[in-house]
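Trainee: Let me give you the structure first, and then I'll get to my questions.
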Amino acid sequence: MNSLEGKVVVITGGAGGIGEATARLAHSQGASVVIADLEAGPAEKIAGSLGERARGLAVDVTRREDNEKMVNLAVEEFGRLDAVFLNAGIEGQVGPFDSRSDEAWKTVFDVNVHGVRLGVEAALPALRKAGGGSIVITSSVAGLRGASGLTPYVSSKHAVVGMMRCLAAELGPEGIRVNTLNPGPVDNRMMRSIEDQANPGHGDEVQAAFTSRIPLGRYVTNEECAAMAVLLFSDAATGCNGNTYLVDGGYCAQ
Ligand SMILES: NC(=O)c1ccc[n+]([C@@H]2O[C@H](COP(=O)([O-])OP(=O)(O)OC[C@H]3O[C@@H](n4cnc5c(N)ncnc54)[C@H](O)[C@@H]3O)[C@@H](O)[C@H]2O)c1
Numbered sequence: 049m050n051s052l053e054g055k056v057v058v059i060t061g062g063a064g065g066i067g068e069a070t071a072r073l074a075h076s077q078g079a080s081v082v083i084a085d086l087e088a089g090p091a092e093k094i095a096g097s098l099g100e101r102a103r104g105l106a107v108d109v110t111r112r113e114d115n116e117k118m119v120n121l122a123v124e125e126f127g128r129l130d131a132v133f134l135n136a137g138i139e140g141q142v143g144p145f146d147s148r149s150d151e152a153w154k155t156v157f158d159v160n161v162h163g164v165r166l167g168v169e170a171a172l173p174a175l176r177k178a179g180g181g182s183i184v185i186t187s188s189v190a191g192l193r194g195a196s197g198l199t200p201y202v203s204s205k206h207a208v209v210g211m212m213r214c215l216a217a218e219l220g221p222e223g224i225r226v227n228t229l230n231p232g233p234v235d236n237r238m239m240r241s242i243e244d245q246a247n248p249g250h251g252d253e254v255q256a257a258f259t260s261r262i263p264l265g266r267y268v269t270n271e272e273c274a275a276m277a278v279l280l281f282s283d284a285a286t287g288c289n290g291n292t293y294l295v296d297g298g299y300c301a302q
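Shown next as structure tokens:
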């Protein structure tokens, strides 16, 4: 079944692990996709490999005009907007609470929180014009649980859960559903960075410690996260609004 036939989806962080997997799956389900990431090259390359119904562009989600540019591209190229996946994010520095500069805190919040806010603001006129749609924000298990050494990241991922709940309440009456995707540790670049920062040269030990807390006994994959995102874009999820959707192998179950 092509669950996204005729739908137009914009994906930020679209050249990263989860973003690329989501772009590929959404496209395979019939969607037209706009892949937005910091550099045009990787985004355009992924779009080029998909062929028709895909475009890539450079977007810094911390810039209002960039967010507007990506929405405009979707509408100009594909005629409408049905779903946005506000997925761009950074892990920032791992370390003690009082070890970071003001700038380091600000950078994480600029991307992970204000980047999402600006994405929602840019998308709303087009979603309203379409008569409704789906906004999916990538939070994390770090949006629901604390983690030693990751305070800015964890705080930012909690913040977007709060934002999502407010937006779900405000936009639900307009038929715009808002939810978060909350992955557990994913087997990709971001977790390698967190592992290596937490214990330089011994990231494998950090990985083993995380894994021991996951009932499935492994990290989840980009593709498993993509499957949940695509479900939330689709009409199979028309009843889903204002919730956190975990893909965590059971990490939060205990
Ligand atoms: N990897 C994990 O274990 C994990 C777990 C839970 C949640 N997440 C979240 O999933 C999302 C996707 O991360 P990922 O795991 O695919 O890692 P990733 O680093 O592969 O992807 C993140 C992407 O965001 C892009 N990006 C960063 N800053 C940007 C900006 N200012 N403007 C536009 N794009 C920007 C990066 O270039 C990158 O392509 C992030 O929000 C991350 O916090 C990841």
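In this note's numbering, the protein residues as written are 49 to 302.
Glycine included, C-beta positions come from ideal geometry on N, C-alpha and C.
With DSSP as the reference, please indicate the residues paired to Val-56 in a beta bridge.
Mentor: On the sequence shown, position 8 is the one that residue 56 refers to. Answer by DSSP bridge pairing, in chain order: Ser-80.
Trainee: Quick one, are the C-beta atoms of Val-142 and Val-58 less than 8 Å apart?
Mentor: Reading the sequence shown from its first residue, position 94 is the one you call residue 142. Reading the sequence shown from its first residue, position 10 is the one you call residue 58. No.
Trainee: Quick one: grab the DSSP three-state call for Arg-72.
Mentor: Counting from 1 along the sequence shown, the entry for residue 72 is found at position 24. Three-state DSSP puts Arg-72 in a helix.
Trainee: If you run the structure through DSSP and keep just helix, strand and coil, what is Asn-289?
Mentor: As a working note, residue 289 is residue 241 in the sequence shown. Correct three-state label for Asn-289: coil.
Trainee: Would you report the Cα separation of Met-238 and Glu-125, rounded to the nearest angstrom?
Mentor: On the sequence shown, residue 238 is found 190 positions in, with the first residue counted as 1. On the sequence shown, residue 125 is found 77 positions in, with the first residue counted as 1. Whole-angstrom Cα-Cα distance: 32 Å.
Trainee: For Tyr-201 versus Glu-139, is the C-beta distance shorter than 8 Å?
Mentor: Indexing the sequence shown from 1 puts residue 201 at position 153. Indexing the sequence shown from 1 puts residue 139 at position 91. In contact: Tyr-201 and Glu-139 (Cβ atoms closer than 8 Å).
Trainee: Are the beta-carbon atoms of Ala-122 and Ala-106 separated by less than 8 Å?
Mentor: If you number the sequence shown from 1, residue 122 lands on position 74. If you number the sequence shown from 1, residue 106 lands on position 58. No, the pair does not count as a contact, with Cβ atoms beyond the cut-off.
Trainee: Considering only C-alpha positions, which residue in the set Gly-181, Gly-298 and Ala-274 is nearest to Gly-65?
Mentor: Indexing the sequence shown from 1 puts residue 65 at position 17. For the residues Gly-181, Gly-298 and Ala-274, the minimum Cα distance to Gly-65 belongs to Ala-274.
Trainee: Decide if Lys-55 is buried, meaning its Cβ has at least 16 other Cβ atoms within 10 Å, or exposed.
Mentor: Taking the sequence shown and counting its residues from 1, the one referred to as residue 55 is at position 7. That one is buried.
Trainee: Is any heavy atom of ligand 1 found at a distance shorter than 7 Å from the C-beta of Ile-66?
Mentor: On the sequence shown, residue 66 is found 18 positions in, with the first residue counted as 1. Yes, Cβ of Ile-66 sits closer than 7 Å to a heavy atom of ligand 1.
Trainee: May I ask whether a heavy atom of ligand 1 can be found less than 7 Å away from the beta carbon of Pro-233?
Mentor: As a first step, residue 233 is located in the sequence shown; it is residue number 185 there, counting from the start. Within the cutoff, so yes.
Trainee: Buried or exposed, going by whether 16 or more other CB atoms sit within 10 Å of the CB of Glu-68?
Mentor: Indexing the sequence shown from 1 puts residue 68 at position 20. By the 10 Å Cβ count, Glu-68 comes out buried.
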